[in-house]
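For reference, the structure is listed below as structure tokens.
There are 2 protein chains.
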Amino acid sequence: MNGTLHVTGTSDTNQAADLAERLLAGDKAAVARVISWAENADARFAALLARVYGRVGHGWRTGVTGPPGAGKSTLVNEVTKSLRARSRTVGILAVDPSSPFSGGALLGDRIRMEERTLDKGVYIRSMASRGSHGGLSRATVDACDVIDAAGYDEVIVETVGVGQAEYDIVSAADTVLVVLCPGAGDGVQAMKAGVLEVADVLAVNKAEMPGADRMLVDLEEAMHIRQAGRSKWITPVVACSAKSGDGIEDVVAAIERHREHLKNSGLAAVRREKRLEQVHRVLNERLGEHLWGRGGYGERARALLDSGRSPYDVVEELFAALLAQAARGRNGAT
Amino acid sequence: MNGTLHVTGTSDTNQAADLAERLLAGDKAAVARVISWAENADARFAALLARVYGRVGHGWRTGVTGPPGAGKSTLVNEVTKSLRARSRTVGILAVDPSSPFSGGALLGDRIRMEERTLDKGVYIRSMASRGSHGGLSRATVDACDVIDAAGYDEVIVETVGVGQAEYDIVSAADTVLVVLCPGAGDGVQAMKAGVLEVADVLAVNKAEMPGADRMLVDLEEAMHIRQAGRSKWITPVVACSAKSGDGIEDVVAAIERHREHLKNSGLAAVRREKRLEQVHRVLNERLGEHLWGRGGYGERARALLDSGRSPYDVVEELFAALLAQAARGRNGAT
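Chains A and B, in that order, are what the protein sequence lines are.
Our numbering applies: residue 9 is where the first sequence begins, and numbers increase by one.
Our numbering applies: residue 9 is where the second sequence begins, and numbers increase by one.
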């Protein structure tokens with residue numbers, strides 16, 4: 009697929025213009041290519057995004073998370089079917105932050121979704137970490153932007169677990185859907201506390217299983233307690249069964265209600281704050297790379313550590329040196 | 009407990025000297041107090057650490073991770089008993105990165121360990137994230153240093169899961185022990201790939217359960233494949249049952265073998281690289297806080313985003329401004 013894009017003799021600028029045009033036209037090969045750039049931190053990505061950024065913002069981003077075994081993939085599959093029945097196009101990112109060092113996502117669950125890939129209105133992509141956790145959440149936001157620019161009405165980001173890495177990934181979404189199921193024991197218990205804080209919609213999947221009713225009541229109660237004195241949105245708790253299809257429409261309706269809520273309460277401001285967080289993270293990464301690369305701070309740190317200084321003393325010394333340098337710059341400029 | 013440390017009329021320096029002295033003497037109240045400083049990012053922590061840093065390095069740090077339900081806490085309890093039988097003192101940090109926004113660790117498992125807290129040679133402390141993931145892994149390393157300085161022979165850091173946050177936490181340890189168990193299904197499967205990369209010792213707990221033998225063989229094979237062309241250490245796969253006590257001695261022996269291996273192959277260099285990573289992370293955090301706080305970069309970023317610039321364009325503009333300032337500083341200095 010990549011081969012067709014490497015047109016020899018075409019200048020980089022022409023190639024980028026061509027790729028941007030194809031991306032905006034919704035060409036799946038172009039989408040895949042640009043997401044690969046984002047994943048590999050390819051220098052060409054930023055320029056390409058700038059070309060299409062004016063078209064970013066149309067798609068609705070739903071982040072889906074929950075413990076392993078809750079049935080997220082099956083639910084995403086069913087939600088996608090429902091959205092397709094409403095003629096909405098859907099881009100799906102399956103993110104696996106649990107194996108940052110293997111480089112390979114575990115895509116067993118995804119195989120069930122392959123039926124959807126024959127649908128022109130659905131784009132599916134799996135993303136695995138190629139390095140740092142920061143890299144994966146950065147690339148995931150970038151991939152959302154790419155799918156959005158390509159004109160998809162819905163962008164669904166699915167990830168396993170509700171730890172910090174997963175939170176960073178789903179929190180960039182407009183709506184966070186957390187999927188739980190009864191009887192998963194330790195895993196679910198351990199995750200509930202964090203889950204209550206991040207969910208805009210809570211789905212209790214496998215609602216036909218024993219314990220589901222109790223779980224629904226408990227979660228609803230927790231959501232009402234949490235709501236006290238906070239935003240006007242009370243996270244709905246929706247029973248469903250991705251297997252039988254029961255309740256899927258309720259999940260989709262809950263997401264739509266959250267969308268309407270955000271649109272009425274200042275979506276632009278919420279999205280701007282998320283962009284600011286993104287800029288914050290990327291700038292910090294960029295700065296870190298610069299210091300430890302060209303800046304030579306690694307060598308200085310090593311020498312200081314070897315002299316027996318404590319890590320915080322080393323940090324303060326490097327930080328003071330940097331500030332002194334920047335301050336001299338400020339004075340020099342005035 | 010804290011009240012006794014707030015001696016009115018004592019100068020801060022005297023108080024710090026006193027606290028450092030008590031910490032070095034192994035006083036558990038002092039240990040708890042200083043770890044709280046680390047957790048709360050209290051400005052006094054760095055100075056205190058500098059006072060005792062010369063005594064850091066004696067304790068052996070073992071990081072324990074694995075999926076929820078694998079029986080980590082019970083295993084840590086049994087390993088602790090075994091170490092105590094060898095007259096080694098043990099400090100245990102139970103870290104819960106799974107609920108970064110609730111502020112409360114889930115310590116159900118810890119209750120089982122309370123019997124150990126009556127033992128003077130054991131110190132147990134739970135740590136939960138008070139904010140960012142970075143904050144928790146920083147505080148955990150700090151807490152290891154504190155326990156180490158207090159003279160404990162063994163420092164065990166236990167955390168749930170094997171995602172990036174957990175990796176950051178356990179990777180600061182000398183030995184990483186990963187605990188799995190048969191039959192945990194999805195959770196274990198999803199974590200295996202990452203686990204294979206980080207484990208120095210693999211324990212298959214609940215070895216009396218069906219599927220344990222097969223799991224042992226599979227993991228041993230995977231460890232030998234992984235080893236090809238890498239370090240000389242082949243991660244041992246140890247069967248055990250924390251419940252019955254079977255195999256606990258084998259787990260302890262495997263950790264000891266890994267310790268001997270590291271000591272013979274350059275422990276000081278390995279530890280220095282980990283310190284460098286710590287300095288790297290802390291300096292980046294410090295820098296980020298400075299820029300977005302006093303530096304006023306937040307306002308600049310907001311204005312640029314409002315003008316419709318893409319996030320990467322905004323980062324480049326801020327980065328260029330910063331470099332220009334630093335460069336002027338460098339020129340001004342020469």
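All residues carry an ideal CB built from backbone N, CA and C; glycine is no exception.
Buried or exposed by the 16-neighbour rule on C-beta atoms within 10 Å, applied to residue i
i, result
"residue 246 of chain B", "buried"
"residue 81 of chain B", "buried"
"residue 210 of chain B", "buried"
"residue 22 of chain A", "exposed"
"residue 113 of chain A", "The pLDDT assigned to residue 113 of chain A is 38, lower than 50, so where the model puts this residue is not dependable, and the model offers no usable value."
"residue 191 of chain A", "exposed"
"residue 302 of chain A", "exposed"
"residue 233 of chain A", "exposed"
"residue 283 of chain B", "buried"
"residue 102 of chain B", "buried"
"residue 146 of chain B", "buried"
"residue 227 of chain A", "buried"
"residue 194 of chain A", "In this prediction, residue 194 of chain A has a pLDDT of 43, which is less than 50 and means its spatial position is unreliable; nothing more can be read from the coordinates."
"residue 229 of chain B", "exposed"
Where residue i falls: helix, strand or coil (DSSP)
i, result
"residue 183 of chain A", "strand"
"residue 69 of chain A", "strand"
"residue 347 of chain B", "The requested residue 347 of chain B does not occur in the structure, where chain B is confined to residues 9 to 342."
"residue 243 of chain A", "coil"
"residue 46 of chain A", "helix"
"residue 306 of chain A", "helix"
"residue 301 of chain B", "coil"
"residue 79 of chain B", "coil"
"residue 326 of chain B", "helix"
"residue 317 of chain B", "coil"
"residue 35 of chain A", "coil"
"residue 111 of chain A", "Unreliable placement is indicated for residue 111 of chain A, whose pLDDT of 33 sits below 50; the coordinate value is still reported in the next sentence. In this structure, residue 111 of chain A counts as coil in the three-state DSSP scheme."
"residue 196 of chain A", "Here residue 196 of chain A scores only 48 on pLDDT, less than 50, and its place in the model should not be relied on; the value that follows carries that caveat. The answer is helix: DSSP assigns residue 196 of chain A an H, G or I state."
"residue 26 of chain A", "helix"
"residue 271 of chain B", "helix"
"residue 51 of chain A", "coil"
Nearest-angstrom beta carbon gap, residue j and residue i [assumed within contact, 8 Å]
i, j, result
"residue 62 of chain B", "residue 316 of chain A", "7 Å"
"residue 70 of chain A", "residue 242 of chain A", "Between residue 242 of chain A and residue 70 of chain A the Cβ distance is about 18 Å, and since that is not below 8 Å, they are no contact."
"residue 42 of chain A", "residue 56 of chain A", "6 Å"
"residue 240 of chain B", "residue 273 of chain B", "7 Å"
"residue 100 of chain B", "residue 166 of chain B", "7 Å"
"residue 184 of chain A", "residue 213 of chain A", "That belief does not hold up - the Cβ atoms of residue 184 of chain A and residue 213 of chain A are roughly 16 Å apart, past 8 Å."
"residue 178 of chain B", "residue 73 of chain B", "5 Å"
"residue 156 of chain B", "residue 64 of chain B", "5 Å"
Per DSSP, cross-strand counterpart(s) of residue i
i, result
"residue 135 of chain A", "A/103"
"residue 162 of chain A", "A/68, A/98"
"residue 211 of chain A", "A/187, A/246"
"residue 130 of chain B", "B/98"
Test: residue i CB closer than 8 Å to a CB of chain B
i, result
"residue 218 of chain A", "no"
"residue 131 of chain A", "no"
"residue 134 of chain A", "no"
"residue 110 of chain A", "Any reading at residue 110 of chain A needs caution, since the residue's pLDDT is 35, under 50, leaving its predicted position unreliable; the model's value is listed next. So, interface residue."
"residue 191 of chain A", "no"
"residue 328 of chain A", "no"
"residue 318 of chain A", "yes"
"residue 54 of chain A", "yes"
"residue 296 of chain A", "yes"
"residue 300 of chain A", "yes"
"residue 280 of chain A", "yes"
"residue 310 of chain A", "yes"
"residue 83 of chain A", "no"
"residue 287 of chain A", "yes"
Beta carbon proximity, residue i to chain A, threshold 8 Å
i, result
"residue 321 of chain B", "yes"
"residue 270 of chain B", "no"
"residue 66 of chain B", "no"
"residue 290 of chain B", "yes"
"residue 23 of chain B", "no"
"residue 306 of chain B", "yes"
"residue 45 of chain B", "no"
"residue 30 of chain B", "no"
"residue 210 of chain B", "no"
"residue 186 of chain B", "no"
"residue 159 of chain B", "no"
"residue 58 of chain B", "yes"
"residue 63 of chain B", "no"
Distance cut-off 7 Å: residue i Cβ against heavy atoms of the ligand FMN
i, result
"residue 301 of chain B", "As presented, the structure is devoid of all ligands, the ligand FMN included, so that no description of it is given."
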